[in-house]
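Here the protein sequences line up with chains A and B, keeping their order.
If you count by our numbering, then the first sequence holds residues 1 to 350, one letter each, in order.
If you count by our numbering, then the second sequence holds residues 1001 to 1561, one letter each, in order.
Even glycine gets a Cβ: it sits at the ideal position worked out from N, Cα and C.
This report refers to the structure that appears directly beneath it.
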Amino acid sequence: MRRCVLFFMLCLLLGVAPLVARDNETLTLVTHDSFSMSEDLLAVFQSETGITVQILRSGDAGAMVNQSILSKGNPLGDVMFGVDNTFLGRALAADLFVPYESPLLKDVSDEFKSDAENRVTPVDFGDVCLNYDAGYFAAESAAIPESLVDLTQPAYKGQLVVENPATSSPGLAFLLATVQQFGTEGDYTYLDYWRDLVANDVYISDNWSDAYYNQFSGSAGSQGARPLVVSYASSPPAEVYFMETPPEQAPTASIVADGMCFRQIEYVGILAGSSHLDAAKQWIDFMLSVPFQEDMPLQMFVFPVNPAATLPAVFEQFAQMPAEPVQMDAATIDANREAWLQAWAETVLR
Amino acid sequence: MGRNGFALKQVFIWRHGLLLVPLIFLTLFFFFPLLTILLFSLFPQGQADFSGFLELMTSAYYCDTFVFTLIQAMLSTLLTLALAVPSAYVFTRFQFPGKTLWMAVATLPFVLPTVVVAAGFNALLGPRGLLNMLLIGTFHLETPPIQMDRTLTLILIVHAFYNFSVALRLITGYWANQSPRIEEAARALGVSDWTLWWRVRLPLLRPALIAAALLVFIFTFTSFGVVLILGGPRFATVEVEIYRQANDLFNLPMAAALSLVQIVFMFVLMLFYTRLQRRMVVSMTAQGAVARVPRSPGQRLLVGVTVGGIAFLLGSPLVALVLRSVSLQDGVGLFYYQQLGTNARGSVLFVPPAQAIGNSLLFALLTTLLSVSLGTVTAYLLSGRVSRLAALLDPLFMLPLATSAVTLGFGYIIAFDEPPLNLRTSPLLIPLAHTLVAMPFVVRSVLPALRAIPPNLAEAARSLGASGWRVWWRVEVPLISRGIIVGATFAFTVSMGEFGASLFIARPDTPTIPLVIFRLLGQPGALNYGQAMAMSSILLLVCALAFVGIERLRKAGIGEF
């Protein structure tokens, strides 16, 4: 009887193993929790290529990259989508990917390409920009800030919400924009700038959802009292798109002045150790193709890197594009992230 | 005859080795992955890397973090117990309308994601919240009188908000089993109310009080979302630091050092607790306290204050949330609920609410079954009064509560990557991870009840000719059933509300309700926010129904015994 019980328990435990065994024609896509695409488009890819796509999700880009580093050599899947330039350095340093140069890459502008060996392929980009409450600024006839320095002026005291760069991806992007603008050495460094922001009563939220919905006043869904928030250039069109009755004016808008937005680029790469190289290559080509690139804006609220893709009307009408977004090399970010965050925490929090 | 005379032990534990099953479970799904990741982190490429410990020891920052973590946990525990004990008294002693409902309301906060709770508190206590508006309106004030955002006070209040029901249920479950005779005897001797509380009631309650304090302490010690979101970036617990080091900086030696410090601290604390606990066993024949209708004005006031307090402090953030879910741009309606069921963008991310509810219920049911059966067996295993082994094992079963989800998530990825245990991408990891967290609740709620059973009871039944099985089913189960029900309720609740495991385990798409809320809140726009509030309301409704159902089941069950 005792043996029976133990044997039964073991069978129960081992019985689950076949559930996760891989099928030969299955391509496993490792991605973050925000990944989305049209069901129809996925069905087209699957029927045209005969490849079944299984989607494995982790929390955010950071969690996904960390998990992939831990499972290096025996990867969780075949391709990884969603590593962005703030985590790319870590992924490349860990040698997670095998190179692949997609034939479609030649049309993509060089500003998006971050790896000469093509271990990763850019798929989309998004700009982290300040959003403002259009209703508030119109009602008060107040001037909209035009530079990062403006945000330290008395006129904007107590008006700005940012995310904690240590725990939030847009928060880190905004910190990097300030590093780029003010530098780490000299009379007025990024840390001096942050001291001035704190003196001007900046609110530091833990994450984007809390900042945007609980502290910011501009969103049609939000509850907060502050009219300026660090969000994305794609948030204003999303606001319009996600309204019960589409308005003529967006409730929010982005500030896209030079040096105020940070460009995040998301990449896809084939995980080293994958045994479905051909299928993985087909998937990468598919992600760069016009149908997928045109599907992305309304699914993930990001912009296509393929210049042949056209934007949906709501983006054309309500999204502002920064002319000079801040761009920073992935290796530089990876080498300095910890030191910058540490210094930021010591300046701002203590 | 010692404690080992329990029927369940006689029947299957010694004879069939059932006793080992919880240990095997814990070893396989907790210690194995935990040790794997700790070794991996501290000995990368075979070289010891203790830089994390060195930094821990020399840095004032980590010392401050540890002290803050400890102090806020102690204060939170005290506040929670101070609120829960009088409420538990009211719930045990008095009969009043909607008792089951108020108990359910008290438990509901436990399932809500922190961002949603933060929104609820904003609506209640925020600068433009209900209470401030009321005070400004009444007293014609210029500025909001309540400014609690980003303070330790708010952290403590929200911790009490989350954990109130843990203490309330544990204490009520235990108290309801106590015979009113001791108290009647004390009253007959003419003791004052004060003496009655300090010398009779609280000492008799000690096993449940300490079990509740322990759970609340561990929960608030490892608090994460509440501190990050409501406390703001100036406050950090050890758990927050582990998360930052592991997830954002990928500094594994540091994360491992912090995890180890937290685990060892908890283990020592638990060892101390088990020593303490052995001296406090109160055996009694359970007769069940009798709940009366409150008669005197004082009693009515007490019941009124308790119910009012629960309704206001715990209920109003929930009501604010439900109101948001039906407030549309123009007027009131169920639009957001309808939208939950339509895949407007034809997206692969779309989850029909029925499927999310189904997944959540399935995981919660699996978690409840696993943790009740494993937890009850564990309680038997630990129930020995003098066993040194039990004193050592008891803390081990609590350790999953003290372990960060990030750490364990990493452990799963490197430990379960080979057949036959290639589980790292299996959806089953979610209920297994939930069970690790839920099991301690079952153990803590069943163990005091089990210890309170007088040893001669089973002996008497056996000497009357009852078989071991029969003694277990007819004598022991009725006496521990309240404890089991309390444990089951929490196992269910933990699983319904938890989604850390989902974030730190790579999984095929089996979205639960909290995950859907998290996704909706990750995108801008009124529709997303409205749907997130609608989904949160659905989560509340499903849990409330489940609590009422469990309560019915209990009453039906007790009727049989």
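Asked	Found
For residue 1552 of chain B and residue 1064 of chain B, the rounded distance between their alpha carbons	48 Å
CB of residue 37 of chain A within 7 Å of CB of residue 299 of chain A, strictly	yes
Beta carbon of residue 1546 of chain B nearer than 7 Å to that of residue 1430 of chain B	no
Cβ-Cβ separation, residue 319 of chain A to residue 290 of chain A (assumed contact under 8 Å), whole Å	Rounded, the Cβ-Cβ distance is 19 Å, inconsistent with contact.
Beta bridge counterpart(s) of residue 56 of chain A as assigned by DSSP	A:30, B:1508
Residue 179 of chain A, buried or exposed, once every other Cβ within 10 Å from all chains shown has been counted against 16	buried
C-alpha gap between residue 1293 of chain B and residue 1201 of chain B, whole angstroms	20 Å
Distance CB(residue 1437 of chain B)-CB(residue 1475 of chain B) smaller than 7 Å	no
For residue 21 of chain A, three-class secondary structure by DSSP	Because residue 21 of chain A carries a pLDDT of 40, less than 50, the predicted location of this residue cannot be relied on, and no value is offered for it.
Cβ separation of residue 1484 of chain B and residue 1372 of chain B, assumed to be a contact under 8 Å, to the nearest whole Å	6 Å
For residue 1489 of chain B, the nearest candidate out of B:1450, B:1530, B:1370 (CA to CA)	B:1370
Nearest candidate by alpha-carbon position, reference residue 1225 of chain B, set B:1261, B:1088, B:1359, B:1110	B:1110
contact_flag[the stretch 1091 to 1100 of chain B, the stretch 180 to 188 of chain A] where n(CB pairs < 8 Å) is 3 or more	no
Residues bridged to residue 226 of chain A [DSSP beta-bridge criterion]	A:216
Contact between the stretch 1178 to 1187 of chain B and the stretch 1230 to 1242 of chain B (3+ Cβ pairs under 8 Å)	no
Chain A contact residues for residue 1248 of chain B, given Cβ-Cβ distances below 7 Å	62, 166, 167
Cβ neighbours of residue 157 of chain A in the same chain (closer than 7 Å, five flanking residues each side left out)	200, 201
CA-to-CA distance, residue 126 of chain A to residue 297 of chain A, given in whole angstroms	10 Å
Unbroken alpha helix (DSSP H) run spanning residue 1455 of chain B, endpoints	1455 to 1463
Segments assigned beta strand (DSSP E), at least 3 residues, entirely inside the stretch 257 to 283 of chain A	262 to 271
Cβ-Cβ distance between residue 162 of chain A and residue 230 of chain A below 7 Å	yes
Chain-ordered chain A contacts of residue 1509 of chain B [CB-CB under 8 Å]	55, 57
Chain-order list of residues whose beta-carbon lies under 7 Å from that of residue 1487 of chain B (same chain, five-residue window excluded)	1372, 1375, 1441, 1442, 1445, 1446
Contacting positions in the stretch 201 to 222 of chain A - beta carbon closer than 9 Å to chain B	203, 204, 205, 206, 207, 208, 209, 210, 212, 213, 214, 215, 219, 220, 221, 222
Closer than 7 Å to chain A by CB, residue 1417 of chain B	yes
Interface residues of the stretch 1064 to 1096 of chain B facing chain A [CB-CB below 8 Å]	none
Proximal residues to residue 1300 of chain B (C-beta, below 8 Å), its chain only, five neighbours per side dropped	1294
Chain B within 7 Å of residue 11 of chain A, Cβ atoms only	With a pLDDT of 47 at residue 11 of chain A, under the threshold of 50, the modelled position of this residue cannot be trusted; read the value that follows with caution. By this cut-off, residue 11 of chain A is not an interface position.
Partners in chain B for residue 301 of chain A, counting only beta-carbon separations shorter than 9 Å	1523, 1524
Buried or exposed by the 16-neighbour rule on C-beta atoms within 10 Å, applied to residue 1059 of chain B	exposed
Beta-bridge partners of residue 1292 of chain B, as assigned by DSSP	B:1094
N- and C-terminal bounds of the alpha helix (DSSP H) containing residue 68 of chain A	61 to 70
Neighbourhood of residue 1032 of chain B by C-beta distance below 7 Å, restricted to the same chain and skipping five residues each side	1415
Contact with chain B by residue 47 of chain A, beta-carbon distance below 7 Å	no
Local conformation of residue 1231 of chain B per DSSP, three classes	helix
Where the beta strand (DSSP E) through residue 84 of chain A begins and ends	79 to 84
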